[in-house]
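I have placed the structure first, in the form of structure tokens, so that the comments after it can refer back to it.
Number of protein chains: 2
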Amino acid sequence: MARRRLGTYLHAKRALLERELDRILPPMEGRTEKVQSAMRYGVLNGGKRLRPILTLAVAEIFGVDERQALVSGCAIELVHCASLILDDLPSMDDAQLRRGRKACHREFDESTAILASFGLLNRAFQVLQELKGKGVSQKAIRELTLLLTAAIGTDGLIGGQIIDLESEKSMDYATLEFIHSHKTIALFLASAEFGCVLGRAGGRDRAAILQYAKPLGLAFQIQDDLLDALSTPEKIGKDVNRDVEKTTFVSFCGIEGARQLNRELIQSSIASLAPFGKRGAILEDIGRFSLSRRS
Amino acid sequence: MARRRLGTYLHAKRALLERELDRILPPMEGRTEKVQSAMRYGVLNGGKRLRPILTLAVAEIFGVDERQALVSGCAIELVHCASLILDDLPSMDDAQLRRGRKACHREFDESTAILASFGLLNRAFQVLQELKGKGVSQKAIRELTLLLTAAIGTDGLIGGQIIDLESEKSMDYATLEFIHSHKTIALFLASAEFGCVLGRAGGRDRAAILQYAKPLGLAFQIQDDLLDALSTPEKIGKDVNRDVEKTTFVSFCGIEGARQLNRELIQSSIASLAPFGKRGAILEDIGRFSLSRRS
Chain A
1370 MARRRLGTYL HAKRALLERE LDRILPPMEG RTEKVQSAMR YGVLNGGKRL
1420 RPILTLAVAE IFGVDERQAL VSGCAIELVH CASLILDDLP SMDDAQLRRG
1470 RKACHREFDE STAILASFGL LNRAFQVLQE LKGKGVSQKA IRELTLLLTA
1520 AIGTDGLIGG QIIDLESEKS MDYATLEFIH SHKTIALFLA SAEFGCVLGR
1570 AGGRDRAAIL QYAKPLGLAF QIQDDLLDAL STPEKIGKDV NRDVEKTTFV
1620 SFCGIEGARQ LNRELIQSSI ASLAPFGKRG AILEDIGRFS LSRRS
Chain B
1370 MARRRLGTYL HAKRALLERE LDRILPPMEG RTEKVQSAMR YGVLNGGKRL
1420 RPILTLAVAE IFGVDERQAL VSGCAIELVH CASLILDDLP SMDDAQLRRG
1470 RKACHREFDE STAILASFGL LNRAFQVLQE LKGKGVSQKA IRELTLLLTA
1520 AIGTDGLIGG QIIDLESEKS MDYATLEFIH SHKTIALFLA SAEFGCVLGR
1570 AGGRDRAAIL QYAKPLGLAF QIQDDLLDAL STPEKIGKDV NRDVEKTTFV
1620 SFCGIEGARQ LNRELIQSSI ASLAPFGKRG AILEDIGRFS LSRRS
């Protein structure tokens, strides 16, 4: 029942998000078509859209106009996709596949991929400004902008990636946690907090949402590690076993240990939704089924 | 006389800008020190700071609080430096030297340089939000943000760079002009317009300032081409003769022709300052002496 409810929900929201992303991305025209194509390629590739869905689902709890949540969530997704393009570069993970297709720098070339990533980041800040036309206050737009820059900067994505790159294959648990709390969880938290800002959530509600999103983000990362350890490229659409010599949650806890950790994280995540009663149903479903994610 | 006046002015403003940039850049501390060092390295390297000086000088005409102009100008400079880091990458110009020192990716490594560039772009948007604490209205911050994103995007820096990279060594005049109007002039114009926004300049004043800045930006680029053709790396602190097989304004017009074109551009630039009378003196000096620039 809950699974079907979530399935319908995700299907509907993904369709909305794809349409909105398509609108937001620059058309492929004029002399600069190449970089525009690369921007579109890096985004419109069947991603799960988990982050903007989190924004949408949180915004719903607080009765936010869906168009506002859509635009804000798309800004987050543009940043996420920009970071994936960089992660895959030869000087970083040197990945061949992303979401079942050639990585952006292999479909185009390295310089185009870098410029596309830059362009997506830039477009994200532009898109947040568009919220004014959708009835979001200047104060809220400012808050969203500050949240996004914090999630991107050296205390967020960029900080996580630099430590990931410079870490030895074998690292201690503190480093592993640092990397994920910066590379994954920071933008995850921002996605959820976006919904709170749009919904003018009070301090206690906002804290509850963040307490929900934080373990969820970590569980999501651990699920990724499990998929990497257990899957094939055909199944998950990106290079696998790349982590084979690298420290991950799976190498720390083993397959069963990682699964157990995940169950506990999701339990704690769902417990934080108590204050919202039935309004938290979709967020609860998202948590529960993140465990059964296969791709 | 005018030369001495300008020299004193530039000296004083550069000192202010260096201090402000130093404040704005993240300190080198904690685990992510490497990327923070690279961000600082890419900015605090003796740049001419022409763009933020343009912001300061235009803002002065309209009686803007200097602290507002400083912060705004620094946001522009961060974006400019971010774009230089990318331009120098192996997949782009593969440059060895920048401002007399190793290019960022050679002092650090490629992935760190890319992340530093990303970090600088992100920091620029954060810095614009800081203007609220300095008395700039939300409306003006929004306008600055939109101007900056437009100058960075596919109609600005990114668009110019993609065409520059994909152009044959030999190109037609229209392509050459497209590249410079996007790669150089777009951010130049934004720098000048920043001063207008902060000063709430009227439409006619703003148009005059843009008419001043546009030919100045082009003249600046042509002067760069002349320097490349005539100088040594020791003198100008970056690789030279890289353009030797590439189409530039010098290859189109020859040395004398490029100098003549420059004189005409600066003449037209200065003529646009007529409405400001004596208040335009510094802008006039900047135009006049851009021609004698040697480094």
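Chains A and B, in that order, give the protein sequences. Heads up, the first sequence is in our numbering, so the first residue is 1370 and it goes up one at a time. Heads up, the second sequence is in our numbering, so the first residue is 1370 and it goes up one at a time. Think of the CB as a built atom: it goes at the ideal place given N, C-alpha and C, for glycine as much as any other residue.
Identity of the residue in the options nearest residue i by Cα
| i | options | result |
| --- | --- | --- |
| residue 1455 of chain A | B/1483, B/1474, B/1498 and B/1470 | B/1483 |
| residue 1627 of chain B | B/1599, B/1641 and B/1651 | B/1599 |
| residue 1566 of chain B | B/1374, B/1385, B/1430 and B/1404 | B/1430 |
| residue 1467 of chain B | B/1503, B/1411, B/1493 and B/1425 | B/1411 |
| residue 1457 of chain A | B/1438, B/1426, B/1439 and B/1480 | B/1480 |
| residue 1587 of chain B | B/1559, B/1550, B/1509 and B/1488 | B/1550 |
| residue 1422 of chain B | B/1651, B/1660, B/1661 and B/1657 | B/1651 |
| residue 1418 of chain A | A/1436, A/1402, A/1442 and A/1625 | A/1442 |
| residue 1436 of chain B | B/1568, B/1649 and B/1580 | B/1568 |
| residue 1385 of chain B | B/1372, B/1438, B/1409 and B/1576 | B/1438 |
| residue 1424 of chain A | A/1383, A/1631 and A/1573 | A/1383 |
| residue 1500 of chain A | A/1492, A/1491, A/1493 and A/1510 | A/1510 |
| residue 1487 of chain B | A/1460, A/1513 and A/1522 | A/1522 |
| residue 1590 of chain A | A/1470, A/1659 and A/1641 | A/1659 |
| residue 1433 of chain A | A/1470, A/1623, A/1505 and A/1631 | A/1505 |
| residue 1580 of chain B | B/1653, B/1492 and B/1403 | B/1653 |
| residue 1405 of chain B | B/1625, B/1554 and B/1492 | B/1492 |
| residue 1545 of chain B | B/1619, B/1570 and B/1375 | B/1619 |
| residue 1624 of chain B | B/1641, B/1387, B/1595 and B/1645 | B/1595 |
| residue 1535 of chain A | B/1631, B/1621 and B/1403 | B/1403 |
| residue 1541 of chain B | B/1622, B/1502 and B/1471 | B/1622 |
Burial state of residue i (16 or more Cβ within 10 Å)
| i | result |
| --- | --- |
| residue 1643 of chain A | exposed |
| residue 1495 of chain A | buried |
| residue 1449 of chain B | buried |
| residue 1647 of chain B | exposed |
| residue 1543 of chain A | exposed |
| residue 1582 of chain B | buried |
| residue 1447 of chain B | buried |
| residue 1395 of chain A | buried |
| residue 1572 of chain B | exposed |
| residue 1508 of chain B | exposed |
| residue 1344 of chain A | The displayed coordinates of chain A run from 1370 to 1664. Any statement about residue 1344 of chain A would go beyond what the structure contains. |
| residue 1661 of chain A | exposed |
| residue 1649 of chain A | buried |
| residue 1462 of chain B | buried |
| residue 1420 of chain B | buried |
Three-state secondary structure (DSSP) of residue i
| i | result |
| --- | --- |
| residue 1468 of chain A | coil |
| residue 1458 of chain A | coil |
| residue 1664 of chain A | For residue 1664 of chain A, the predicted structure reports a pLDDT of 40, less than 50, and the residue's modelled location is therefore unreliable. The matter cannot be settled from this model. |
| residue 1423 of chain A | helix |
| residue 1652 of chain B | helix |
| residue 1528 of chain B | helix |
| residue 1440 of chain A | helix |
| residue 1631 of chain B | helix |
| residue 1642 of chain A | coil |
| residue 1428 of chain B | helix |
| residue 1391 of chain A | helix |
| residue 1541 of chain A | coil |
| residue 1477 of chain B | coil |
| residue 1546 of chain B | helix |
| residue 1489 of chain B | helix |
| residue 1434 of chain B | coil |
| residue 1584 of chain B | helix |
| residue 1397 of chain B | coil |
Same chain, Cβ closer than 7 Å to residue i, neighbours up to 5 away in sequence not counted
| i | result |
| --- | --- |
| residue 1475 of chain B | 1465 |
| residue 1559 of chain B | 1445, 1516, 1517 and 1520 |
| residue 1391 of chain B | 1413 |
| residue 1513 of chain B | 1441, 1497, 1563 and 1566 |
| residue 1407 of chain B | 1473, 1477, 1481, 1482 and 1485 |
| residue 1552 of chain B | 1526, 1529, 1530 and 1533 |
Sequence-distant residues of the same chain with beta carbon closer than 6 Å to residue i, five excluded per side
| i | result |
| --- | --- |
| residue 1548 of chain B | 1529, 1532 and 1533 |
| residue 1415 of chain A | 1468 |
| residue 1585 of chain A | 1638 and 1656 |
Own chain, CB closer than 8 Å to residue i, minus 5 neighbours either side, in chain order
| i | result |
| --- | --- |
| residue 1379 of chain B | 1422 |
| residue 1372 of chain B | 1654 and 1658 |
| residue 1489 of chain B | 1408, 1411, 1412, 1447, 1448, 1450, 1451 and 1454 |
| residue 1471 of chain A | 1465 |
Quiz item: What are the residues of the segment 1475-1492 of chain A that lie near chain C, defined by any Cβ-Cβ distance shorter than 8 Å?
Solution: Looking at the structure shown, chain C is missing, and the protein chains on hand are A and B.
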